[in-house]
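In what follows, a structure is listed as structure tokens, so that the remarks can point back to it.
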Amino acid sequence: MPSETGMRRRSPLAPRQRIEVFSDARRGSGGVRMRDFRLTYRLGKSWMGTSKASPSLLLMGLLAGCAAGPNYQPPPAPKVSEFTAPALRETGQAADPAGAAQTFDAGKTLPAEWWRLFASPQIDALVKEAIANNPDLRAAQSALAQSRELLRVQRAAYLPTIGAGFDASRSKNSATIAPPLASNASIYSLYTAQVTISYAPDVFGGVRRQVEAARARVQAADAQADAAYLTLTSNVVQAALQEASLRGQIAANQDIVGAETKLLDILRLQERLGEVSAAEVAAQESALAQAQQALPPLNRQLASERDLLAILLGRYPSEGPATEIDISSLELPRSLPVSIPAALVEHRPDVRAAEANLHAANAQIGIAAAARLPTFSLGADGGSNAARIAALTSAPNSFWSLTAGVAQPIFQGGALRHQQRAAEAGYAQALAQYRSAALSAYQGVADALQALQIDADALQLAVTADRATTRTLQLTEAREHAGEISASALYVAQQAAQQSRIALIQARTSRFTDTVALFQALGAGPWAVKS
137 MPSETGMRRR
147 SPLAPRQRIE
157 VFSDARRGSG
167 GVRMRDFRLT
177 YRLGKSWMGT
187 SKASPSLLLM
197 GLLAGCAAGP
207 NYQPPPAPKV
217 SEFTAPALRE
227 TGQAADPAGA
237 AQTFDAGKTL
247 PAEWWRLFAS
257 PQIDALVKEA
267 IANNPDLRAA
277 QSALAQSREL
287 LRVQRAAYLP
297 TIGAGFDASR
307 SKNSATIAPP
317 LASNASIYSL
327 YTAQVTISYA
337 PDVFGGVRRQ
347 VEAARARVQA
357 ADAQADAAYL
367 TLTSNVVQAA
377 LQEASLRGQI
387 AANQDIVGAE
397 TKLLDILRLQ
407 ERLGEVSAAE
417 VAAQESALAQ
427 AQQALPPLNR
437 QLASERDLLA
447 ILLGRYPSEG
457 PATEIDISSL
467 ELPRSLPVSI
477 PAALVEHRPD
487 VRAAEANLHA
497 ANAQIGIAAA
507 ARLPTFSLGA
517 DGGSNAARIA
527 ALTSAPNSFW
537 SLTAGVAQPI
547 FQGGALRHQQ
557 RAAEAGYAQA
567 LAQYRSAALS
577 AYQGVADALQ
587 ALQIDADALQ
597 LAVTADRATT
607 RTLQLTEARE
617 HAGEISASAL
627 YVAQQAAQQS
637 RIALIQARTS
647 RFTDTVALFQ
657 ALGAGPWAVK
667 S
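So, in structure tokens, the structure goes:
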């Protein structure tokens, strides 16, 4: 008889795998031999029969500390000492409620709730409602939550996967085929319970690069959520200021229309008395009509601003806020904190998003490089199969297998090489986009600082012009009543006064709106305070 050692036998119920089960009297356990992959058997023998580590395992352990592709290096902060040349430290001032000088405090950070600097409870309430209800902000926050969950999904690749299964079947074999069971029964039941474990060691760091890219996408989503927050709060304040400005302009025009109407009534009375000509009355009628024509466009702009404000608050246009803000009730911030130029790239959400996208693009190079290298896999499964459920716990009915594999791409038409080159080009694109975002950020701050300087000068000129035209109109009206000049001269004075009044309201508004623009350009928000 052949010796027991090495004698092959067929298990009562062979699992559906390409393995050969043999008896080994020396070890007293089952062994597994792969038909066409000797490396699997060698690794399995090392795992089962010796305490010394396999050279292959040692090599995999050493390689596990590596990661394909270049390590990410953040771009250095721009070496810029000032936002403008020459540096601006203070604006001019004007003899007006909104004409106070504004100073730029370099190296300081704006408060998280920067809109409170305007000392307006109405604006504060509007901003808080927008933060709580705006759908765009909620979408950005949901996108951030989604990216965090996808990062957790990606991290799961570090761990092995475990599965379990149970099958039950009832079969009848043909009489011309040997029965699969030792009992030689042609009709039989088969129950199989099995647990499978698989693991892909991250030898060349492809998974680590994928996790790195996913983490960078979380950072980008976080920055985009901050950008949505900054855009929303800025737009709400800007819309409230524009609405207040339009209300002021409408009120000024209505005052002018009222004055023009009174003057027309006087001229018509004088015409009936023969003191003025019909041409002078017609000129005043023209002046009144022109003043009235300025109101519809202003009312249309006001309606648009109120609709915009309602949408920002998460309301329908028909549910717009009842709050009406008077521009004269607002306090112009006099001390404006301005962060150092080097910190702008950390405060601006759009620049942070561009930097995170650059990080993700760098990780994509490593992912593409790892795809060109060998991949390793380890697996194990075990279980039991029997003709009766109660027999599943019987040792003779058990089976198990251990597997290991390695795969190396050899020829794919150059696809993997070009995929890596594409990733490198994507990194170059992301780097250029980051630089563009940084330059735009510095431009935005410089433009806002210069605008505030110009706004102060423009307000002083508008105050001077308004006072001059108002005085001229008063003198002209007195002379016209005295009959010294014609109504056409009064019409010219009225037009000048009307235009200067509107220009003064717009100049006041510009100081507030450009202050908001500076806060937005500086990336004001909770993240800036934390950084």
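Residue numbering for the sequence shown follows our numbering, beginning at 137 and increasing consecutively.
No residue lacks a Cβ here, since even glycine has one placed at the ideal position from N, Cα and C.
This structure is a prediction, so every number in the text was calculated from the model and none was measured.
Where residue 245 falls, given that 16 or more other Cβ within 10 Å makes a residue buried: buried
Residue 533 versus residue 296: straight-line alpha-carbon distance, rounded: 26 Å
Cβ contact check for the segment 533–546 and the segment 485–492: 3 or more pairs under 8 Å: no
Beta-carbon spacing of residue 220, residue 586 below 8 Å: yes
Contacts around residue 233, its chain only, beta-carbon distance under 7 Å, and the 5 residues preceding and following it disregarded: 464
Residue 478 classed as buried or exposed, judged by whether at least 16 other C-beta atoms fall within 10 angstroms: exposed
Cβ of residue 491 within 8 Å of any chain B Cβ: No chain B appears in the structure shown, which is made up of a single protein chain.
Residue 313 versus residue 321: straight-line alpha-carbon distance, rounded: 11 Å
Unbroken stretches of the beta strand (DSSP E), 3 residues or longer, contained in the segment 525–585: 534–543
Per-residue burial, residue 647 [other beta carbons within 10 Å of its own, 16 or more giving buried]: buried
Residue from 337, 420, 205, 461 with nearest C-alpha to residue 438: 461
Bridge partner(s) assigned by DSSP for residue 515: 334, 539
Run of the beta strand (DSSP E) containing residue 472, from where it starts to where it stops: 471–474
Cβ pair residue 524, residue 556 closer than 8 Å: no
Whole-angstrom distance between residue 516 and residue 327, CA atom to CA atom: 20 Å
In DSSP terms, what residue 677 is bridged to: Shown here, the chain extends from 137 to 667; a query on residue 677 therefore has no answer.
Cβ-based neighbour list, residue 405, same chain, cut-off 7 Å, excluding 5 preceding and 5 following: none
Unbroken alpha helix (DSSP H) run spanning residue 401, endpoints: 342–408
Residues bridged to residue 298 [DSSP beta-bridge criterion]: 333
Buried/exposed call for residue 619, threshold 16 Cβ in 10 Å: exposed
Close beta carbons around residue 429, own chain, < 8 Å, minus the five adjacent residues each side: none
Residues near residue 279 by beta carbon distance below 6 Å, same chain, minus five either side: 357
Distance, residue 468 Cα to residue 397 Cα: 35 Å
C-beta contact flag for residue 369 and residue 263 at 8 Å: yes
Three-state class that DSSP yields for residue 462 in the structure shown: coil
Distance between residue 318 and residue 144 (C-alpha atoms, nearest Å): For residue 144, the predicted structure reports a pLDDT of 38, less than 50, and the residue's modelled location is therefore unreliable. A value from the coordinates is still provided. Cα to Cα, the separation comes out at about 15 Å.
As assigned by DSSP and simplified to three states, the class of residue 249: coil
Residues bridged to residue 314 (per DSSP): DSSP, once it has assigned bridges, lists no residue as partnering residue 314.
One or two residues paired with residue 241 in a DSSP bridge: 473
Exposure of residue 579, with buried meaning 16 or more beta-carbon neighbours within 10 Å: exposed
Sub-8 Å separation of residue 466 and residue 254 beta-carbons: yes
CA-to-CA distance, residue 366 to residue 382, given in whole angstroms: 24 Å
Beta-carbon gap between residue 604 and residue 616 smaller than 8 Å: no
Length of the line joining the Cα atoms of residue 374 and residue 348: 39 Å
Three-way DSSP call (helix, strand, coil) for residue 632 in this model: helix
Buried or exposed (CB count within 10 angstroms, at least 16 for buried), residue 331: exposed
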